[in-house]
Amino acid sequence: MKGSNLGRIRDVNVHAILDAIYDYGPISRTEIAEYLSLTPPAITFNVAPLLESGLLYEIQGSVNKGESRLGRPRVLLDFRADAFYVIGVDIGPFATYICLTDIRGNALMKEEHPVCPSDYDAALRYISSVIAGVLDSSPVPRERIVGICLGIPGFVDNSAGVLRYGSVSKWRNKAVGVDISALVGLPCILENNARCRALSVEMFGDDHLPDTYVYLFIARGIGCQLKIGKRAYTGAGATAGEIGHMVLDRKGPLCPTCGNHGCLEAFSSEVSIRNNCIAMMESGRETLLSSICPDPHELTTGDILEAEKAGDKEVCRIMDDAMVNLGIALANAINILSPPLVLVDGYVMKVQRNVDTFMASVQDNLFGVGINEVDIRFVEFNKFRTAYGAAAKAIRIFVLKEKE
Numbered sequence: 151m152k153g154s155n156l157g158r159i160r161d162v163n164v165h166a167i168l169d170a171i172y173d174y175g176p177i178s179r180t181e182i183a184e185y186l187s188l189t190p191p192a193i194t195f196n197v198a199p200l201l202e203s204g205l206l207y208e209i210q211g212s213v214n215k216g217e218s219r220l221g222r223p224r225v226l227l228d229f230r231a232d233a234f235y236v237i238g239v240d241i242g243p244f245a246t247y248i249c250l251t252d253i254r255g256n257a258l259m260k261e262e263h264p265v266c267p268s269d270y271d272a273a274l275r276y277i278s279s280v281i282a283g284v285l286d287s288s289p290v291p292r293e294r295i296v297g298i299c300l301g302i303p304g305f306v307d308n309s310a311g312v313l314r315y316g317s318v319s320k321w322r323n324k325a326v327g328v329d330i331s332a333l334v335g336l337p338c339i340l341e342n343n344a345r346c347r348a349l350s351v352e353m354f355g356d357d358h359l360p361d362t363y364v365y366l367f368i369a370r371g372i373g374c375q376l377k378i379g380k381r382a383y384t385g386a387g388a389t390a391g392e393i394g395h396m397v398l399d400r401k402g403p404l405c406p407t408c409g410n411h412g413c414l415e416a417f418s419s420e421v422s423i424r425n426n427c428i429a430m431m432e433s434g435r436e437t438l439l440s441s442i443c444p445d446p447h448e449l450t451t452g453d454i455l456e457a458e459k460a461g462d463k464e465v466c467r468i469m470d471d472a473m474v475n476l477g478i479a480l481a482n483a484i485n486i487l488s489p490p491l492v493l494v495d496g497y498v499m500k501v502q503r504n505v506d507t508f509m510a511s512v513q514d515n516l517f518g519v520g521i522n523e524v525d526i527r528f529v530e531f532n533k534f535r536t537a538y539g540a541a542a543k544a545i546r547i548f549v550l551k552e553k554e
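The numbering used here numbers the first residue of the sequence shown as 151 and each following residue consecutively.
This is the structure we're talking about:
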């Protein structure tokens with residue numbers, strides 16, 4: 151047991167050291183020791199094999215502040231970005247996105263492919279062929295690609311590596327990562343798509359985020375991921391963060407995802423917004439959508455936003471209702487959780503009037519704090535963000551040695 155405990159302690163220390171270097175590098179051994187409350191010999195012992203492997207490298211830094219210019223310059227540690235590479239895949243509802251990145255998230259390749267088939271066996275063949283295409287054309291040797299992560303909408307049980315329920319695919323209890331790994335010959339893990347998007351901002355963004363924050367993602371569905379102490383809170387059943395199924399009106403419209411009435415997704419998801427616009431077009435009411443997209447069933451969110459920006463009254467009414475309800479839901483989450491930061495990510499937020507309506511609704515429904523006391527930031531929409539975030543998750547597991 152003693153040896154086993156020492157092994158676990160060593161694993162925990164290695165992850166903590168790598169995490170500190172990833173977040174704050176270039177950084178000295180002394181600074182790492184102070185940050186992690188470890189001894190300098192412990193840092194040296196654990197860093198030595200990482201330097202030998204080529205994962206880390208040393209940089210001659212400046213003299214410490216306050217020391218004589220004749221003092222010894224600090225030796226700083228940082229990651230060698232091109233030491234290893236990972237693949238991130240977004241199994242999205244509208245398309246399949248894939249990227250190959252280095253340790254620092256720099257994309258060497260990124261591709262957009264058609265939507266993945268819903269049949270599970272066909273999907274495995276499709277996903278593996280997309281990954282194989284990247285492996286075959288990769289500019290780096292295959293042995294330096296250390297792992298893959300798939301970003302999937304639904305309930306992902308990270309510890310078991312199982313998709314408990316796919317909110318788009320409707321797959322249940324599928325070990326997708328294991329099955330893909332067997333087909334492509336590389337380790338493969340899973341992560342929820344909204345948690346992937348949060349990770350892409352956290353790890354590849356320009357700003358250091360607080361250890362605890364909320365990430366609201368509005369797309370086909372609506373998710374709200376909570377990070378606590380830099381770890382995603384998934385709950386006992388891997389279902390935490392499903393703000394889209396917060397019931398706002400039990401006599402409200404049918405939710406297109408879960409079948410209950412009055413869920414947030416029944417008011418504010420892209421699916422519901424589109425369905426409401428189609429119903430409005432088919433009712434014969436005057437709308438610019440009829441000229442932008444004559445066939446209602448070919449309508450896209452981009453078409454709807456175009457009509458909104460042009461001042462279409464019927465579209466603006468539908469969007470205002472969606473944004474007001476979205477603001478109510480986020481205000482409820484803030485009232486319950488009181489997070490220091492909320493990040494909002496959604497294609498519908500590309501239109502400023504949606505941002506304004508949403509923020510006004512949040513303000514109207516907050517309790518105990520004003521809107522200026524809550525740090526709410528809007529993330530620039532990027533269709534590859536889930537794939538980048540899946541790559542970030544792969545880096546955390548296969549490079550930074552994070553344990554689920």
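No residue lacks a Cβ here, since even glycine has one placed at the ideal position from N, Cα and C.
Query - Opening and closing residue of the alpha helix (DSSP H) in which F417 lies - result: 414–418
Query - Secondary structure, beta strand (DSSP E): runs of 3+ residues fully inside the region 287–328 - result: 295–302, 304–307, 312–316, 322–324
Query raised in the report: Cβ atoms of L340 and G311: under 9 Å apart, would you say?
Result: yes
Query - With 16 other Cβ atoms within 10 Å as the buried cut-off, status of F195 - result: exposed
Query raised in the report: How would you label S433, buried or exposed, when you count the other beta carbons within 10 angstroms and need 16 or more for buried?
Result: exposed
Report task. Check whether the Cβ atoms of N556 and M469 sit closer than 9 Å, and answer yes or no. Result -> Since the displayed the chain opens at 151 and closes at 554, residue 556 lies outside it and no answer follows.
Query raised in the report: Going by DSSP, which residues form a beta bridge with A382?
Result: K377
Query raised in the report: Taking Cβ to Cβ, would you say R546 is nearer than 9 Å to L493?
Result: No.
Query raised in the report: Could you give the distance in angstroms between the alpha-carbon of S440 and the alpha-carbon of R345?
Result: 37 Å
Query raised in the report: Nearest CA to the CA of A483: which residue from A510, I521, V364, Q502?
Result: V364
Query raised in the report: In the DSSP assignment, what are the bridge partners of E184?
Result: Paired residue(s): none; E184 is not in a bridge.
Query raised in the report: Straight-line CA distance for A472 to Y270?
Result: 33 Å
Query raised in the report: Per DSSP, what kind of secondary structure is V529 in: helix, strand or coil?
Result: Reduced to three states, the DSSP call for V529 is strand.
Query - Three or more C-beta pairs below 8 Å linking the region 250–260 and the region 280–292 - result: yes
Report task. Leaving aside the five residues before and after E217 along the sequence, list all residues of the same chain whose C-beta is less than 6 Å from its C-beta, in chain order. Result -> Because the pLDDT at E217 is just 49, under 50, the model does not fix this residue reliably, and the point stays unresolved.
Query raised in the report: Among T189, Y172, L188, which one has its Cα closest to the Cα of Y207?
Result: Y172
Query raised in the report: Under 9 Å between the Cβ atoms of L404 and L414?
Result: no
**Report entry** Opening and closing residue of the alpha helix (DSSP H) in which C338 lies
**Finding:** According to the DSSP assignment, C338 belongs to no alpha helix (DSSP H) but to the beta strand (DSSP E) extending over 338–342.
Query raised in the report: Taking only runs of the beta strand (DSSP E) that begin and end inside the region 216–279, which ones reach a length of at least 3 residues, in chain order?
Result: Taking only runs of at least 3 residues, the beta strand (DSSP E) segments lying wholly in the region 216–279 are 225–229, 235–241, 246–252, 257–263.
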